[in-house]
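Heads up, the sequence shown is in my numbering, so the first residue is 4 and it goes up one at a time.
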Amino acid sequence: MLPCFQPIRMTPDTPKSWYLTFIATAALLATCSQVGVAHAQAKAEAEALADLSLEELMRVEIVSASRRTQVLGDVPDAVHVITRDDILRSGVRSLPEALRMAPGVDVAQLSPSGWAVGVRGEAGRFSNKLQVLIDGRSVFSPLYSGVLWEAERVPLEDIERIEVIRGPAGAVWGTNAVNGVINIITRDAAHTQGDLAVANTGSDGSHRVLLRHGTALGPDSWLRLYGQADRQADAIDTLGTKANNSAHAETAGVRWDQTQQNGSRLSVQGQVLKSLKNGDLPVPDFTSLTPVPTVQSIEKATLMGALDTPLSNASELHVQASLQKQRSEQRGYVTHRFTSADLDVQHRWHPADSRHDVIWGAGATWYHDSTDSIPLVTLAPDNRTLLSGRVFAQDEYALLPDQLLLTYGARIDHDPYSGAQVAPNARLLWKMNEHSSSWIAASRAVRAPARGEADAGANIDASPATIRLVFNPGARIVEKVTALETGWRSQVRQNLSVDVAAFVQRYDPLLGLSTDMTGNNGPSIVSDTTVNGQQVITVALTSPTRATSRGIELAADWRIARFWRQQLSYSYMETRFDTPSVISTLGGNPRSLVSLRESLDLNSRWMLDIWLRYTSARKDPLVPQLDVPSRTALDINLRWAATPGMTVSVGGHNLGRQYTQEINPQISSQVKRAVFAKVEASF
């Protein structure tokens, strides 16, 4: 328990104390808001963002497409930016919920704190073809090959924007950026001055308290401190009974930003987190697999520093380093501890008299872990040290200045499992006029096997031998994708903008599971060795296959009137496998995703947002009984500026049916219809 949250004592066994805490905090916020001190900065920034014209939104700067600042309208990628205003107005209560605003992003709730997130398919507990970054730092788990969303508790109020890249980005962000990249950009400490307190509660048992303090340490130096506590109550399982999946987490963080007279910028930030999540997992009792209560606990600390400095009028240097230490335990199964360190250096060269804009760099990651596990499931070896490195270079060449731009480059990643892997990239952008552009791209990306899939195995006693079942032993299969993409982005009218992208992605090879255990694609023996006098037969559960995904993505932003904004997105994707008897998680995704958001400024103090979403059916490739039907969800958020220093929000999530199944019922609970209230006070 973090010291700043000792009085709260959040545990699933003491829900009454949480409600008392919420009521007391809300009362404190109301009192403080009457004082109405330093709230003007935050309010002015929110109003400025909300009042941006479509032309100004097209010129919003992003950094994720090429690791340098670019104007959104000039990016030859399928990109969507979720702004701070989008997050605050929508009423979302978690980071994955906010990602639903981007076209092509599939989000499903597994449990009150667990999420499945995928871009262009493969939404699952561990989406291993999606690179997720926070301020450019990867949060991709080297053990699970995915992201533990319950361990990424970034305060929503501290997010500046979320940049979502759809499609392969391996040439820029390396292995695992196969289907896309999500980069969560947090706010500079200079923009979060003063104090902020937030409390929200929901009828589904989801509650949160945030306390934040920002101060200036000097004319060019700023500091931000925050503490946050979250709690989620048990959901309802598919049988209509109470599920054992409540969770709570405490997070504290700090960020320091400083600017120098020569234009250099230095940023240091750190975070500590403790998370507990209940669950039921099958634990062997040597006669059967009996689901018993268990707890997933995560304790982690992260420290990151970044320096941006100009070397000349045509040259800049960026250096970023991070350190992370984490302990994760699945009670009754495994305890995993790891320490990782990462260093990344990049240099940009763009002389004014040249048509070239070159960026290149290199980096390295050191990782060491240790595990304790039950005999049935083990990691071999149980301790491992991994060192990986990368180099990349990319050039934007103006074939016709300010009209036709060619971007080309490649990145080479090397790790102990897959060796050296190359990810090339070529993109052509045509600026048709001041308000429209079109682009075409060809790229290749690689997914690096995770330690869990290469080293983890289930051991079965088949005396006199032991049979060890491994998902991808020795990382023998390295997944690759080659993609062709094209897009068109235009401000069609002064109040209407449209963004369209189409793609074909070829996966070769792709990890799959065979549904025909008697054929050539079934489980295969990869080794037969003797360990400590015991015969060990290693069997690979997966087989290589190939697949092709095709799709189209559309986003439209229509300012119907100054007080009324409408945002529509539509995505369609289908995947076909070359070998029908070998399937992968790519095959269980909805074909269609639709999102319609209506934002209304009723007057200067009242704002209403209505969000309608449709997700087509999820077809289980193995068991038709596990198919999830299509669903429609409605969210409503009413936001009231009660006083100059206090905002109150009330609304509803998943309005309609009382309970909804969003993904495979074997791995998820039902999502409950809920109403919520939120109070924010700046002082």
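Glycine included, each C-beta is placed from N, C-alpha and C at the ideal position.
Query raised in the report: When burial is assigned at 16 or more other CB atoms within 10 Å of the CB, is F566 buried or exposed?
Result: exposed
Report task. Identify whether H194 lies in helix, strand or coil by the three-state DSSP scheme. Result -> helix
Requested in this report: Give a yes or no on contact between the stretch 488-495 and the stretch 509-516, applying the rule of three or more CB pairs nearer than 8 Å.
Outcome: no
Query - contact_flag[the stretch 394-414, the stretch 169-179] where n(CB pairs < 8 Å) is 3 or more - result: yes
Query - From Y400, A550, L133, I239, residue whose alpha carbon lies closest to that of A355 - result: Y400
Requested in this report: Measure the C-alpha to C-alpha separation of N186 and V142 and round it to an integer number of angstroms.
Outcome: 10 Å
Requested in this report: For my contact list, D138 and T189 are in at a C-beta cut-off of 8 Å; report their separation, rounded to the angstrom.
Outcome: 6 Å
Query raised in the report: Buried or exposed: where does R608 fall if 16 or more other Cβ atoms within 10 Å of its Cβ makes it buried?
Result: exposed
Query - Integer Cβ distance of S94 from N436, believed to fall under 8 Å - result: Ser is not the amino acid found at residue 94; the sequence shown has Gly there. Going by Cβ atoms, the distance from G94 to N436 rounds to 37 Å, so no, they are not a contact pair.
Report task. Hey, could you find the ends of the alpha helix (DSSP H) W176 is sitting in? Result -> 173-176
Report task. Report, in whole angstroms, the separation of the C-beta atoms of L674 and Q134, which I expect to be a contact under 8 Å. Result -> The question names Leu, but residue 674 is Val in the sequence shown. Rounded, the Cβ-Cβ distance is 27 Å, inconsistent with contact.
Query - DSSP bridge partner residues for S373 (one or two, in chain order) - result: R340, N386
Query raised in the report: With distances taken from CA atoms, which of R594, A620, D581, D604 is nearest A564?
Result: D604
Requested in this report: Determine the closest residue to D560 out of V501, A543, S602, with distance taken between C-alpha atoms.
Outcome: V501
Query raised in the report: H700: which of L213, L408, A451 sits nearest, CA to CA?
Result: With the chain running from 4 to 686 in the structure shown, residue 700 is simply not present.
Requested in this report: Scan the stretch 406-446 and note each continuous alpha helix (DSSP H) run of 4 residues or more that stays entirely inside, going in chain order.
Outcome: none
Query raised in the report: Near S527, which residues of its chain fall below 6 Å by C-beta distance, leaving aside the five closest residues on each side in sequence?
Result: A543
Query raised in the report: When you compare only the Cα positions, how much space is there between T86 and W369?
Result: 34 Å
Query raised in the report: Whose C-beta lies closer than 8 Å to the C-beta of I480 among residues of the same chain, with five residues either side of it excluded?
Result: P452, P512, L514, T545, P547
Query - Straight-line gap, S671 to W152 (C-alpha atoms, nearest Å) - result: 15 Å
Requested in this report: Give the DSSP bridge partners of Q397, in chain order.
Outcome: I362, G412
Query raised in the report: Quick one: is T374 buried, meaning 16 or more other Cβ sit within 10 Å of its Cβ, or exposed?
Result: buried
Query - Three or more C-beta pairs below 8 Å linking the stretch 177-184 and the stretch 121-135 - result: yes
Query raised in the report: Around the C-beta of N475, are 16 or more other C-beta atoms found within 10 angstroms, so that it is buried, or is it exposed?
Result: buried
Report task. With a cut-off of 8 Å on the beta carbons, I'd call A252 and D223 a contact; round off their distance for me. Result -> The Cβ separation is near 34 Å, so there is no contact.
Query raised in the report: Any chance the stretch 567-584 sits against the stretch 593-603, with 3 or more Cβ pairs inside 8 Å?
Result: yes
Query raised in the report: Where does the unbroken beta strand (DSSP E) through E319 begin, and where does it stop?
Result: 318-333
Report task. Go through its chain and collect everything with a Cβ distance to D689's Cβ below 6 Å, but skip five positions before and after it. Result -> In the structure as shown, the chain begins at 4 and stops at 686. Residue 689 is therefore absent and cannot be evaluated.
**Report entry** Three-state secondary structure assigned by DSSP to Q664
**Finding:** coil
Report task. Taking W352 as the reference, give the member of I65, R71, D88 with the closest Cα. Result -> R71
Query - Sub-8 Å separation of T578 and A620 beta-carbons - result: no
Requested in this report: Could you work out which residue in A317, L310, S278, G282 is closest to I301 when comparing CA atoms only?
Outcome: S278
Requested in this report: Quick one: which unbroken alpha helix (DSSP H) runs of 4-plus residues sit fully inside the stretch 136-178? Chain order, please.
Outcome: 173-176
Query raised in the report: Who pairs with L186 in a beta bridge, going by DSSP?
Result: The residue you asked about is not Leu; residue 186 is Asn in the sequence shown. In DSSP, N186 forms a bridge with L136, E166.
Query raised in the report: Taking V167 as the reference, which of L499, A200, P99, V653 has the closest Cα?
Result: P99
Requested in this report: Measure the CB-CB distance between V473 and G455 and report whether it falls below 8 Å.
Outcome: no
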